[in-house]
Amino acid sequence: MDNQTTNNKRFISLRLKWAFGTAVGSLIIFLVVTLALFTAFTQNLFRQERELLNQGMTTISQQLAKSSQPLTRRSIERLIDPNNDRSIIRGADYQRPVIRELSDGHLIVNIYNPQGKKLLSTGAPDVGKSLVNERQVSLARGREHQVLVGHTPIYSQKGRQVIGYLQVENNLNSYTQSYSQLRLVCVMALCLVVLASGLLGYFLSYFLLRPLSDIHDTVKVISKDPTKEIRVPTVNRNDELAELIEMFNEMLDRMQRYINQQSQFVSDVSHELRTPVAIIQGHLELLERWGKDDPQVLNDSLAASLVETKRMKNLVQEMLDLSRAEQVEINFRDQQTVVNDVVHQVYNNFKMLYPEFTFTLDDDVHEKITANIYRDHLEQVLVILCDNAVKYSKDRKEVHLTLSRGMNSVEIGVQDFGEGIAPDDAKRVFDRFYRVDKARSRKKGGNGLGLSIAQRLIEGYHGSISLESSPGAGSLFKVVLPIVDDPEDK
Ligand code: ADP
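Here is the structure:
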């Protein structure tokens, strides 16, 4: 999978990117925090070491400053520990309490007379002697690592004259040890954190992104064969990916519905066109054989062909209307119409067109009602329903229109008292090209598309269309449309 390429770009798994991202993120955070802590800690440690050196120098200088003469070994012995009568010099193992205490604290003390001759040394110093005029503390390169060295002249308390020089060295052994131990711990912790966060990121992403690979697999199958009934397995989660899966599956359902409808449509259309084309062909053949000489055949055949051509024209127009009706949601979503006006207009038109019929309009609504529908579409639906009511009425030539308002909807009813529809047919009259009595409907010029156009239009505007009918008693079609809450043109 890692070697796959997408659009000529190298495929890098999201999981790896996620793991790398978390690892780098935690590396940066940890590095900053550790560096801050490390610096603060080691600086503090270094300050303590410097303090120790300064204290040591001050203590020894103060002790030795009591002498008014240049320092000698004897005077040093006397000044540092007057009660101890043992020899003061035992090499590095020096016995005097102050010096010993200091040398235990990792300090190497060297005392020189004013001429620079070494009088006392508690150990071999890393740095050579330096007779300075004032106190200096500095870092110097030692044999193994850096050392802290302090130089100071020793002034007699009384005469303020230089009686010797003091050099104290802090070999920084414990500091260096702590420093390297701490550094090791930090580096190890850093590696551990980066590794742990990388692994955690990898496994976390594995669980979190698993639905993505399911989607990926499904897309792969569907792109090979769009009719495959495969769906992304739903996950028991409550997050964006679960939502995405749900939406994706719904999209696949819709897509396949469209594909099926499309192929069904093509087969329905070719089936519907076959009859008029066959009739026209029949008449043309008739004309070819006898029509040229027989004016009666010529007239009849031309008239019949013209009827069929007109039917085909209507059929093509209705098919166009149907395919447009499927897109109202996209193309006419912001249209608004005052329903009362359209119902009254259609009512008046039909009254005028069919004077032999009795049209009544029951209008219970006293205010203007606006619905979210394109005016021509509402008119088209009402014309289809009223046309059918007229077409399928028998002896009782009455059509009732009603207009009423619900809580959030408006309801329009179109009722006739004609032949009615049997329950089995009632379930199918909204299907494309469905006609209860094909031959009779054809005679009346019907293609079986009117109700499907009406249903698609109404459902496109989030409304509904229903039918109540019983054979012999007539039919009642009800259209319900949601009302616009705050219509501008009320
Ligand atoms: P058509 O153009 O054939 O009328 P429709 O889609 O409008 O197509 O109607 C489908 C079928 O439903 C019709 O062929 C007819 O059999 C039946 N139908 C529709 N309206 C009525 C009605 N008011 N009374 C009885 N039957 C109806």
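The numbering of the sequence shown is this note's numbering, which starts it at 62 and goes up by one. The C-beta atom is built at its ideal place from N, Cα and C for all residues, glycine as well.
When the beta-carbon positions are compared, residue 283 and residue 253 stay at least 8 angstroms from each other.
Set against 7 angstroms, the gap from the CB of residue 403 to the closest heavy atom of the ligand ADP is not smaller. In terms of Cβ geometry, residue 515 and residue 446 form a close pair [threshold 8 angstroms]. For residue 202, the enclosing beta strand (DSSP E) starts and ends at 197-202. Residue 522 holds the alpha-carbon nearest to the alpha-carbon of residue 390 among 470, 346, 522, 275.
With fewer than 16 other beta carbons inside 10 angstroms of its own, residue 101 counts as exposed.
Taking each of 203, 225, 339, 442 in turn and checking the Cα distance to residue 517, the smallest one comes out for 442.
Taking a contact to require three or more Cβ pairs closer than 8 angstroms, the region 225-238 and the region 177-195 qualify as touching.
Just measuring C-alpha positions, the residue of 448, 439, 91, 483 sitting nearest residue 472 is 439. Where residue 419 is concerned, the enclosing beta strand (DSSP E) starts and stops at 419-424.
With a cutoff of 7 angstroms, residue 508 counts as near the ligand ADP, since its C-beta is closer than that to a heavy atom of the ligand. In this structure, the alpha-carbon of residue 294 lies about 18 angstroms from that of residue 286.
The Cβ atoms of residue 525 and residue 482 do not sit closer than 8 angstroms to each other. In this structure, residue 440 has its CB at a distance of at least 7 angstroms from all heavy atoms of the ligand ADP. The DSSP-derived three-state label of residue 173 is strand. Of the candidates 342, 542, 128, 452, the residue whose Cα lies closest to the Cα of residue 218 is 128.
When the beta-carbon positions are compared, residue 194 and residue 132 stay at least 8 angstroms from each other. A straight-line Cα-Cα distance of about 41 angstroms links residue 495 and residue 275. DSSP places residue 344 in the helix class (H, G or I) of the three-state scheme. Annotated three-state conformation of residue 533 is coil, per DSSP. Distances between the C-beta of residue 361 and the heavy atoms of the ligand ADP are all 7 angstroms or more. Of 373, 348, 370, 371, the smallest CA-CA separation from residue 361 is found for 348.
The DSSP-derived three-state label of residue 231 is strand. Rounded to the nearest angstrom, the gap between the Cα atoms of residue 111 and residue 188 is 17 angstroms.
In this structure, the alpha-carbon of residue 190 lies about 14 angstroms from that of residue 231. Taking a cut-off of 8 angstroms for Cβ pairs, the region 197-207 and the region 242-251 do not touch, as fewer than three such pairs fall below it. Less than 8 angstroms divides the Cβ of residue 528 from the Cβ of residue 487.
Around the beta-carbon of residue 476, 16 or more other beta-carbon atoms lie within 10 Å, marking it buried.
Straight-line measurement puts the Cα of residue 241 at about 39 angstroms from the Cα of residue 267.
Beta-bridge pairing by DSSP links residue 225 to 215. Under the three-state reduction of DSSP output, residue 465 falls in the strand class. Taking 7 angstroms as the cut-off, the C-beta of residue 457 does not count as close to any heavy atom of the ligand ADP. At the C-beta level, residue 87 and residue 258 come within 8 angstroms of one another.
Per DSSP, reduced to three states, the secondary structure at residue 543 is strand.
Secondary structure note for residue 472: its beta strand (DSSP E) is the uninterrupted segment 470-477. In the DSSP assignment, residue 381 falls within the unbroken alpha helix (DSSP H) covering 356-386.
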